[in-house]
Amino acid sequence: MDSGVFPDWLSMVCLLTPGQRQQAFMALGLAEANDASDEDAIALVCSLGEAVGFAVAGCEEAGREIVGQSRPGVLKTVATTLTAAAQGRVETRGCPYCDEKNVRPWGRASNLPRYRCSNCRRTFNALTGTPLAHLRHKDRWPDQAQALMSGESVAEAAARCGVAYTTAFRWRHRFLVAPALDKPTRLVGIVEADETFILESFKGRRADLPRASRKRGGKPKKTGLSAEQIPVLVARDRAGTTIDGVLPKLDRASVTAVLAGVVTSDNEVCCDGGKAIAAFARAGGIPYHVLPKPGRPKPEAPHLHINNVNAYHSRLKEWLRPFHGVATKNLTHYLGWRRTLETIGHTGAPGLWLSRAMGIGAYR
Ligand SMILES: [Zn+2]
Numbered sequence: 177m178d179s180g181v182f183p184d185w186l187s188m189v190c191l192l193t194p195g196q197r198q199q200a201f202m203a204l205g206l207a208e209a210n211d212a213s214d215e216d217a218i219a220l221v222c223s224l225g226e227a228v229g230f231a232v233a234g235c236e237e238a239g240r241e242i243v244g245q246s247r248p249g250v251l252k253t254v255a256t257t258l259t260a261a262a263q264g265r266v267e268t269r270g271c272p273y274c275d276e277k278n279v280r281p282w283g284r285a286s287n288l289p290r291y292r293c294s295n296c297r298r299t300f301n302a303l304t305g306t307p308l309a310h311l312r313h314k315d316r317w318p319d320q321a322q323a324l325m326s327g328e329s330v331a332e333a334a335a336r337c338g339v340a341y342t343t344a345f346r347w348r349h350r351f352l353v354a355p356a357l358d359k360p361t362r363l364v365g366i367v368e369a370d371e372t373f374i375l376e377s378f379k380g381r382r383a384d385l386p387r388a389s390r391k392r393g394g395k396p397k398k399t400g401l402s403a404e405q406i407p408v409l410v411a412r413d414r415a416g417t418t419i420d421g422v423l424p425k426l427d428r429a430s431v432t433a434v435l436a437g438v439v440t441s442d443n444e445v446c447c448d449g450g451k452a453i454a455a456f457a458r459a460g461g462i463p464y465h466v467l468p469k470p471g472r473p474k475p476e477a478p479h480l481h482i483n484n485v486n487a488y489h490s491r492l493k494e495w496l497r498p499f500h501g502v503a504t505k506n507l508t509h510y511l512g513w514r515r516t517l518e519t520i521g522h523t524g525a526p527g528l529w530l531s532r533a534m535g536i537g538a539y540r
C-alpha cells in the first residue's frame, strides 16, 4: 500500500464493528501466516469467518480417541476427525460459499469426503475456508500437532514432519491462525488482570530494521520499561478461563479493546494498580481492587490477589524462552498457542489440536 494512503486506512480501524474487526484480525493472521504472495489467503479470509463458526462434538471425541494409538490408528483417527468435521459443517453451515443447506455427498478428494452445493454447484470439503485448506501431506499433520504440543522449534518440527523448514514455518502459523482467535466471550466472577512485557522483535525481517538487530532474542538496551517492551495483557478468572491481547499502547483504550464485553460490571477485577486496567474498570463501572503487593493478599481478604495471573505470566515467559525471541508481528499466534496448551495440555491429543487448527475451538 502506498505509504501516503496507509495512515488514512489505519485511521478507519476505529470505525470497524466488532465483527469487522474479527474479520480484519483473521485477514492479518492469514497474511502473516502465508505471506501476501499466496493467492489463496485472500479467498480463505473471505470464508474463514463463517467456517470457524462450525463446531461439532464428534470432532472433539475423535480427537480424544487419538491418545495412545499406533500410527495407523492415529491416521485413521485423523481421517475420522476430518470426516466428522465435514459432516458437522455440512449440517450446521451448509455450503461455505453461499450458505445453501441443500448439499449432497460428491465422492472424495484429497482423502476427504467432498460435497456439492445444489445452489451454486461448487464442491467443497471439511477444510474449505479454514486455515488448513490447500495444505498438503495430511498424514503428517498429527506430527505437526505433536510439534505444537511439545513447543518445538521450526527446525525440530520440520525434522519431525519430514518437510522443508519453510513448510514447517508456514504450517506452524497456519495451524495457529484459528487458536489465536479462539478467545472466551465472558469471564466469570473474580478476574485477575495484569500486564506483562515481551521484548520487541523483528525476527525474520531482513531489511528496514528500525534499529540494529539483537542476537538470539537478546536483551533490551534500557533496563525497565521502554518502547522495546511490548505490553501484553492477560486476564484470567478463577476457573482458569483466560483472555489475552497484545496492547498497541499501555492505555485504557487498548485494554478496553481486549476486555470489552468479556469483563463487565458482573465481575470483580483484581489488579496491581496499573493505570490502564484501573481506568478500564472505572469507565465500565466494574468493581476493582488494587493490590499493591502481588503475592501478599490482605489477611482480611485472602481471596483478592493476582497470583494466578502472575503465575500464568511466568509460565508464558518460561515457555517462550527457547524460541529466543518471537517476532512481534506473530506474537498473537504465540499467545493463542500458549492459551491452547493451557486448555488442552502438552500431551496426548493431536486430534484436539487438529480440531483447534481447523477452527473448532473451545469458544467458537
Ligand atoms: Zn453454494
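The sequence shown begins at 177 in the numbering used here and counts up one residue at a time.
Beta carbons: idealized from backbone N, C-alpha and C, even for Gly.
Quiz item: How many angstroms separate the CA atom of residue 430 from the CA atom of residue 440?
Solution: Between residue 430 and residue 440, the alpha-carbon positions lie close to 16 Å from each other.
Quiz item: Any heavy atom of ligand 1 closer than 8 Å to the Cβ of residue 274?
Solution: Flag set: Cβ of residue 274 near ligand 1.
Quiz item: Are three or more beta carbon pairs between the region 499 to 518 and the region 347 to 356 nearer than 8 Å?
Solution: Verdict: yes, contact present.
Quiz prompt | Cβ neighbour criterion (16 or more within 10 Å) applied to residue 490 | solution = Exposed, because fewer than 16 other Cβ atoms sit within 10 Å of the Cβ of residue 490.
Quiz prompt | C-alpha distance - residue 443 paired with residue 474, whole-angstrom precision | solution = Approximately 20 Å, taken between the alpha carbons.
Quiz item: Do you know how far the Cα of residue 294 is from the Cα of residue 304?
Solution: Distance from the CA of residue 304 to the CA of residue 294, rounded to the nearest whole angstrom, comes to 17 Å.
Quiz item: With which residues is residue 409 paired in a DSSP beta bridge?
Solution: DSSP output for residue 409 lists 371, 421 as bridge partner(s).
Quiz item: Straight-line CA distance for residue 356 to residue 418?
Solution: One Cα belongs to residue 356, the other to residue 418, and the distance between them is close to 12 Å.
Quiz item: If you drop the 5 nearest sequence neighbours on each side, which residues of the same chain put their C-beta closer than 6 Å to that of residue 376?
Solution: Excluding sequence positions up to five before and after residue 376, its CB lies within less than 6 Å of the CB of 404, 406, 504, all in the same chain and listed in chain order.
Practice problem: Using three-state DSSP, classify residue 539 as helix, strand or coil. | Solution: Shown here, residue 539 sits in coil according to DSSP, grouped into three states, outside any helix or strand.
Practice problem: Evaluate the contact criterion for the region 362 to 377 versus the region 324 to 341: three or more CB pairs, one atom per stretch, below 8 Å. | Solution: With the cut-off at 8 Å, the region 362 to 377 and the region 324 to 341 do not touch.
Quiz item: In its own chain, which residues sit with a C-beta less than 6 Å from the C-beta of residue 299, not counting the 5 before and 5 after it?
Solution: The answer, listed in chain order, is 282, 290, 292.
Practice problem: Pick helix, strand or coil for residue 283, following the three-state DSSP scheme. | Solution: Three-state DSSP puts residue 283 in a strand.
Self-check item: Counterpart residues of residue 444 in DSSP-defined beta bridges
Solution: DSSP output for residue 444 lists 366 as bridge partner(s).
Quiz prompt | Cβ shell of residue 468 (< 8 Å), same chain only, five flanking positions each side left out | solution = These residues qualify, in order along the chain: 448, 449.
Practice problem: Kindly indicate which residue of 520, 360, 514, 328 has the alpha-carbon position closest to the one of residue 498. | Solution: If we check each option's Cα against that of residue 498, 328 comes out closest.
Quiz prompt | Ordered list of alpha helix (DSSP H) runs contained in the region 426 to 483, each at least 4 residues | solution = For the region 426 to 483, the continuous alpha helix (DSSP H) assignments of 4+ residues that do not extend past its boundaries occur at 428 to 435, 451 to 459, in sequence order.
Quiz item: Alpha carbon to alpha carbon, how far is residue 433 from residue 451?
Solution: If I take the Cα positions, the gap works out to 15 Å.
Quiz item: Counting along the chain, where does the alpha helix (DSSP H) carrying residue 341 start and finish?
Solution: For residue 341, the enclosing alpha helix (DSSP H) starts and ends at 341 to 357.
Practice problem: Would you list the residues sitting across from residue 299 in a DSSP beta bridge? | Solution: Answer is 292.
Quiz item: Does DSSP put residue 181 in a helix, a strand or coil?
Solution: It is coil, neither helix nor strand.
Exercise. Would you tell me roughly how many angstroms separate the C-alpha atoms of residue 484 and residue 271, rounded to the nearest one?
Key: In a straight line, the C-alpha of residue 484 is about 43 Å away from that of residue 271.
Quiz item: In chain order, what residues of the same chain have a beta carbon less than 7 Å from the beta carbon of residue 428, not counting five sequence neighbours either side?
Solution: If we look at residue 428 and ignore the five residues flanking it on each side, its Cβ neighbours are 452, 455, 456, 459.
Quiz item: Which stretch, first to last residue, makes up the alpha helix (DSSP H) that contains residue 319?
Solution: Counting along the chain, the alpha helix (DSSP H) containing residue 319 begins and ends at 317 to 326.
Quiz prompt | Of the listed residues 312, 364, 500, nearest to residue 340 (C-alpha basis) | solution = Checked all of 312, 364, 500; the closest Cα to residue 340 is 312.
Quiz item: Nearest to residue 268 by alpha carbon, out of 286, 296, 284, 302?
Solution: Selected option, being the one with the closest Cα: 302.
Exercise. Could you spell out where the alpha helix (DSSP H) holding residue 330 opens and where it closes?
Key: 330 to 337 is the extent of the alpha helix (DSSP H) around residue 330.
Quiz item: Can you name the start and end residues of the alpha helix (DSSP H) that residue 510 belongs to?
Solution: Per DSSP, the unbroken alpha helix (DSSP H) holding residue 510 starts and ends at 507 to 520.
Quiz item: Beta-carbon separation of residue 348 and residue 331 under 9 Å?
Solution: No.
Self-check item: Cβ shell of residue 285 (< 7 Å), same chain only, five flanking positions each side left out
Solution: Result list for residue 285: 301, in chain order.
Quiz item: Applying the criterion that 16 or more other CB atoms from any shown protein chain within 10 Å of the CB defines a buried residue, is residue 425 buried or exposed?
Solution: Residue environment: residue 425 is assigned as exposed (fewer than 16 neighbouring CB atoms within 10 Å of its CB, all protein chains considered).
Practice problem: Buried or exposed for residue 152, please, with buried defined as at least 16 other CB atoms from any protein chain shown within 10 angstroms of its CB. | Solution: It is not possible to answer for residue 152, since the shown part of the chain is limited to 177 through 540.
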